[in-house]
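Each remark here refers to the structure printed beneath this line.
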Amino acid sequence: MKSSKEIKFFIFFIITMLIVLLPNDAYSMQKNEKIPKEVIIGGELLHLELNTNKIIIFGVSKDSLLKNYDLVESVSGDIVRKMFNQENVKIRSKQDLIQLLITMKEKDKIKLNLLRNDNLITVNLDKYQINPTNLIDKIPYTATLTYINPNDYKFKSVGHNIDFYNNKTILNNKGEIYDSNIVSINKSAKKYVGNINGNKIPKSKGNIFKIDEYGISGKVNFKSDLKEKKTYKVADEKDIKEGPAYVIMKHNQNEKNKRYKIKITKVNKNDNGNIESFNFKIIDKKLLKKYGGIVQGMSGSPIVQNKKIIGALSHVITTDTTNGVGVYIKVMMKG
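Just add 507 to the spot in the sequence shown (first one is 1) and you have the numbering used here.
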């Protein structure tokens, strides 16, 4: 049997080796993913284009046979049979349906098989009853970049789930991100949540490959621009305290990141990845003057305390828009 001194030395040796050899990314056994020790914090306003599984009908007039939020399941009819030698063809994208409309003659009819309010219906239409501008296969969304991992260039944003039209299957976990500049601000009031109206900058900045309850994940494509960026240590839950902190934002590309003062008012225990990790209050007068409080588009804004990134802005309290909820950064990373 080994002596207590030998055992203590052995434990000390193992701990020392772990500290020396531990890589920049800690390993999450729960999700088989690496948790970075340091990240580049975001704050940049993003325009997201989220791909859909089905074409969505939107913006039609009241007298149209099509209704807003109809989902196109497939097409059928004589024209489909002639072109594809099939009775029924699934439509994968807006462009596929537009190409079909282009080939139709004036007297041709097409049957759109639609999902409307969870019911499958068929509508018989000519080519002029389907306006391409009413067909949507990408949903725009405004949010804020949370962080970029400098080791693999993966990013996270949003900080909460994205659920359109109460249909969780409408998005296909893919899309692209773009930089955005503020065009106008619809300011928040005490019990009113405002929003940011942004202008998309056309060049894609990265691809989305996952959408979950913690927001979006993806990979950026502007690696060379990141070399001079400052990194922040990733906080553990135990590091987060009630008291002063900062929310980071950059809502125009020609300005630097701005720090706005907030106060962490409550730190919640992390039970099974609870997204409501901590509560905070906006106390920065400049932010309140410019935005009125938390507005739509701020979701994902990184929150920093004691020079560490502790989480991201997740939700606004609708009864008082100067108050919000944040998600722990490591909870977001494990998602």
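Where a beta carbon is used, it is the ideal one built from N, C-alpha and C, also for glycine.
Residue i and residue j closer than 9 Å at C-beta
| i | j | result |
| --- | --- | --- |
| E749 | K770 | yes |
| N558 | D644 | yes |
| F843 | V834 | Absent from the structure is residue 843, since the part of the chain shown begins at 508 and ends at 842. |
| K763 | D791 | no |
| L820 | T651 | yes |
| I563 | I646 | yes |
| K736 | I817 | no |
CB-CB length for residue i against residue j, believed under 8 Å
| i | j | result |
| --- | --- | --- |
| K561 | L578 | 4 Å |
| K618 | N631 | 5 Å |
| N777 | E783 | The pair is not a contact, with the Cβ atoms about 10 Å apart (cut-off 8 Å). |
With 16 other Cβ atoms within 10 Å as the buried cut-off, status of residue i
| i | result |
| --- | --- |
| S568 | exposed |
| T729 | For the sequence presented, residue 729 should be read as Phe rather than Thr. When all chains shown are included, F729 counts as exposed. |
| S806 | buried |
| N830 | buried |
| T610 | exposed |
| S808 | buried |
| T649 | buried |
| L553 | buried |
| Q593 | exposed |
| F591 | exposed |
N- and C-terminal bounds of the beta strand (DSSP E) containing residue i
| i | result |
| --- | --- |
| M756 | G750 to M756 |
| R766 | K765 to V774 |
| Y739 | T738 to V741 |
| G651 | The residue you asked about is not Gly; residue 651 is Thr in the sequence shown. Note, T651: beta strand (DSSP E), L642 to I655. |
| D686 | L678 to N693 |
| V811 | P809 to Q812 |
Extent of the continuous alpha helix (DSSP H) run through residue i
| i | result |
| --- | --- |
| D585 | D585 to F591 |
| I836 | I836 to K841 |
Near the ligand PLP: residue i beta-carbon under 8 Å from a heavy atom
| i | result |
| --- | --- |
| I771 | Absent from the structure shown: the ligand PLP. Ligands present: none. |
Residue-level contact to chain C via CB, residue i, 9 Å cutoff
| i | result |
| --- | --- |
| A819 | Checking the listed chains, one finds no chain C in this structure; it contains a single protein chain. |
*Do three or more CB pairs link the region 629-642 to the region 685-698 at distances below 8 Å?*
no
*Three or more C-beta pairs closer than 8 Å, one from the region 696-706 and one from the region 654-674: is that the case here?*
no
*Is there contact between the region 674-685 and the region 834-842, where contact requires at least three CB pairs shorter than 8 Å?*
no
*asked:* Taking 8 Å as the cut-off, does the region 731-742 touch the region 542-555 (at least 3 CB pairs, one atom from each stretch)?
replied: yes
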